[in-house]
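S.K.:
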Amino acid sequence: MARTSFHFSRSARLLASVLLTLPLLAACSDDKKEHAEEVRPVRVQTVAFEAGRESLKLAGTLAPRLETPLAFQVTGKLSARPVDVGARVTPGMLIGKLEPEDFALQLRRAQAQVASSEADLKRLQADLKRYEALKTSMVFTQATYDQRAAAASVAQQTLIGARSQVAIAERQMNYTSLSADTGGIVTAVLAEPGQVVAAGQAIVRVARDEELEVSVPIPENRLDDARAANDPRVTLWSDPGKTYRVRLRELAASADPQTRTYLAKYSLLDQPQTAKMGMTATLLLAKGDGVPVASLPLSAIFQQGDKPAVWVVDAAKGAVTLKPVTVAAYHQDAALIANGVKDGELVVTAGVHRIDPGIKVRILGAAPVKGQ
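Under mature numbering (1 follows the signal peptide of the UniProt record, and there is no 0), the letters of the sequence shown match residues -26 to -1, 1 to 346, in that order.
1. List the endpoints of the continuous beta strand (DSSP E) containing E106.
2. Would DSSP call H9 helix, strand or coil?
3. Do you know how far the Cα of V335 is from the Cα of D183?
4. Are the stretch 216 to 236 and the stretch 165 to 172 touching, with three or more C-beta to C-beta distances below 8 Å?
5. Go to P295, then tell me how far its beta strand (DSSP E) extends in each direction, as first and last residue.
6. Report the residue from S269, A289, Q121, V326 whose alpha carbon sits nearest the alpha carbon of A309.
7. Could you check how far apart the C-beta atoms of I275 and P282 are, in whole angstroms? I think they sit under 8 Å.
8. Roughly how many angstroms separate the alpha carbons of G60 and V48, rounded to a whole number?
9. Out of T235, Q131, A303, S53, which one is the CA nearest neighbour of G70?
10. According to DSSP, what are the bridge partners of W211?
11. Where do the ends of the alpha helix (DSSP H) carrying residue 403 lie?
12. Starting from the C-beta of V190, find all residues in its chain whose C-beta is less than 6 Å away, skip the five residues before and the five after it, and write them out in chain order.
13. Is it true that the stretch 89 to 109 meets the stretch 145 to 165, where meeting means three or more beta-carbon pairs spaced less than 8 Å apart?
14. Could you give the DSSP three-state label for L40: helix, strand or coil?
15. Could you tell me how far apart the beta carbons of A324 and S273 are, in whole angstroms, since I believe they sit closer than 8 Å?
16. Using three-state DSSP, classify Y304 as helix, strand or coil.
17. Please confirm whether T284 and V299 have their CB atoms less than 7 Å apart.
18. Please name the residue, chosen from S212, A22, A100, that lies closest to D130 on a Cα-to-Cα basis.
19. Going by Cα to Cα distance, which pick from A125, R122, T150, L40 is closest to F77?
20. Less than 8 Å between the CB atoms is what I'm expecting for Q80 and A136, so what's the real figure, rounded?
21. Who are the near neighbours of L(-2) in its chain, counting only those whose CB is closer than 7 Å to its CB and skipping five residues on each side?
22. V63 and A154 - do their beta-carbons sit closer together than 7 Å?
23. Quick one, are the C-beta atoms of S29 and A260 less than 7 Å apart?
24. Tell me where the beta strand (DSSP E) around A162 begins and ends.
25. Which residues mark the beginning and the end of the alpha helix (DSSP H) in which V140 is found?
26. Terminal residues of the continuous beta strand (DSSP E) containing R14?
27. Please classify G215 as buried or exposed, where buried requires at least 16 other C-beta atoms within 10 Å of its C-beta.
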């Protein structure tokens, strides 16, 4: 009985020691797991300071500087219009034609009047010459001679007027055909065949696309920025990777009654070959103040109380340090840092709110360098 009690007591002590050891092993496992979780992968960006530039972006469109409405110089019925919107025209190309019958009748009438005037003049000049031959006879009188000379002179002036009417009728006949003065693209069609159009009424509009400009509505609180902008540039939505220099050519004196904005027109100084009328453009207005700033993503900013800060990574040690920074300006997707970090330092750009002081980090990929 004593032997059985001894073995039971020994087994109980062994079981108790095992049970006491299990929590310690679990704690060690948890410590190792927490230690492993402290090495966190992070994405970083290299700090790069540049001269500070406050940028303003405004949407606009590419438009032709010159757009001409083409119209007939006479009234008539439009019989043909061989061009449509989007057609490219060249100098001398036919744009429209009026029915010529009425103008042909006017020309023939004017020509008939010329023939009649020529006959009258010829008759009166012959009468004057015959009467002049009677100067030495008793039937000749100076008064009668003067009357016949005056009649011949009036006939001469009537003939001149009739010939002028022929010239006018010929020109009006020529006006029944409308041709392009310059090359360009038809941007609007304003009359259809069969329609009676008045003299001066536009038939089509033709834009000269060799010189485009950027039309931008400027808010009233940005007029001074538009006037004082240094080196304004534009980007095209079709080619966002490039910028093009522009110059302010015209700024409206009064606001548009509907939008309450002022229309500004910027001339393209280096127009790209790919630029087309109607393309979307973004005007970039920047004013440099000479203060160097570094552009960092908004995701890199960590609020330390009510003050902004960033996590700076020591790549050699894999450690992070929280540094307060001064933000010069906030943009839509970036913050301009005035001080608090140095050129070349690595700043965490994602997951800043999951980093704690003292943890180890591992940099993912190469650190991008992004200026302003």
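Where is the CB? At the ideal position from N, CA and C, for every residue including glycine.
M.R.: Taking the definition as stated:
1. As a first step, residue 106 must be located in the sequence shown, where it is residue number 132. No beta strand (DSSP E) holds E106; the alpha helix (DSSP H) holding it covers 75 to 106.
2. Residue mapping note: residue 9 aligns to position 35 of the sequence shown, counting from 1. Residue confidence is low: H9 scores 47 on pLDDT, short of 50, so the model does not pin down where it sits. No coordinate-derived value is stated.
3. Here residue 183 corresponds to residue number 209 of the sequence shown, with the count starting at 1. Here residue 335 corresponds to residue number 361 of the sequence shown, with the count starting at 1. Computed Cα separation, rounded: 57 Å.
4. no
5. In the sequence shown, residue 295 corresponds to position 321, counting from 1. The sequence given here places Thr at residue 295; Pro does not occur at that position. From DSSP, the beta strand (DSSP E) with T295 extends over 293 to 298.
6. Start at 1 with the first residue of the sequence shown, and residue 309 comes out as number 335. For A309, the nearest C-alpha among the options comes from S269.
7. Mapped onto the sequence shown, residue 275 falls at position 301. Mapped onto the sequence shown, residue 282 falls at position 308. So it is a contact: roughly 5 Å between Cβ atoms.
8. If you number the sequence shown from 1, residue 60 lands on position 86. If you number the sequence shown from 1, residue 48 lands on position 74. Answer to the nearest angstrom: the Cα atoms are 26 Å apart.
9. Taking the first residue of the sequence shown as 1, we reach residue 70 at position 96. The candidate whose alpha carbon is nearest that of G70 is S53.
10. Mapped onto the sequence shown, residue 211 falls at position 237. W211 is not bridged to any residue.
11. Past the boundaries of the shown model lies residue 403; the chain is included only from -26 to 346, so the question cannot be answered.
12. Indexing the sequence shown from 1 puts residue 190 at position 216. Cβ neighbours of V190 beyond the five flanking positions: L32, G34, A238, L257.
13. no
14. Translated into the one-based positions of the sequence shown, residue 40 becomes position 66. It is coil, neither helix nor strand.
15. Taking the first residue of the sequence shown as 1, we reach residue 324 at position 350. Taking the first residue of the sequence shown as 1, we reach residue 273 at position 299. A324 to S273, Cβ: 6 Å. Contact.
16. For the purposes of this step, residue 304 is taken as the residue at position 330 of the sequence shown. Strand at Y304.
17. As a working mapping, residue 284 is identified with position 310 in the sequence shown. As a working mapping, residue 299 is identified with position 325 in the sequence shown. Before going on, a small fix: residue 284 reads as Val here, not Thr. In contact: V284 and V299 (Cβ atoms closer than 7 Å).
18. If you number the sequence shown from 1, residue 130 lands on position 156. The residue asked about is misnamed: residue 130 is Gln in this sequence, not Asp. Of S212, A22, A100, the residue nearest in Cα terms is A100.
19. One-based indexing of the sequence shown puts residue 77 at position 103. The shortest Cα separation from F77 among A125, R122, T150, L40 belongs to T150.
20. Translated into the one-based positions of the sequence shown, residue 80 becomes position 106. Translated into the one-based positions of the sequence shown, residue 136 becomes position 162. With a Cβ gap of about 13 Å, Q80 and A136 do not count as contacting.
21. Translated into positions along the sequence shown, residue -2 becomes position 25. Unreliable positioning characterises L(-2) in this predicted model, as indicated by a pLDDT of 48, which lies under 50. The coordinate reading is nonetheless provided below. Within the same chain, L(-2) has no close Cβ partners at all.
22. The residue you call residue 154 lines up with position 180 of the sequence shown. The residue you call residue 63 lines up with position 89 of the sequence shown. Yes, the Cβ-Cβ distance between A154 and V63 is below 7 Å.
23. Translated into positions along the sequence shown, residue 29 becomes position 55. Translated into positions along the sequence shown, residue 260 becomes position 286. Closer than 7 Å, so yes.
24. On the sequence shown, position 188 is the one that residue 162 refers to. A162 -> beta strand (DSSP E) spans 158 to 163.
25. The residue labelled residue 140 in the question sits at position 166 within the sequence shown. Where V140 is concerned, the enclosing alpha helix (DSSP H) stretches over 116 to 148.
26. Within the sequence shown, residue 14 is the residue found at index 40, counting from 1. Residues 14 to 16.
27. Position 241 of the sequence shown, counting from 1, holds the residue named residue 215. By the 10 Å Cβ count, G215 comes out exposed.
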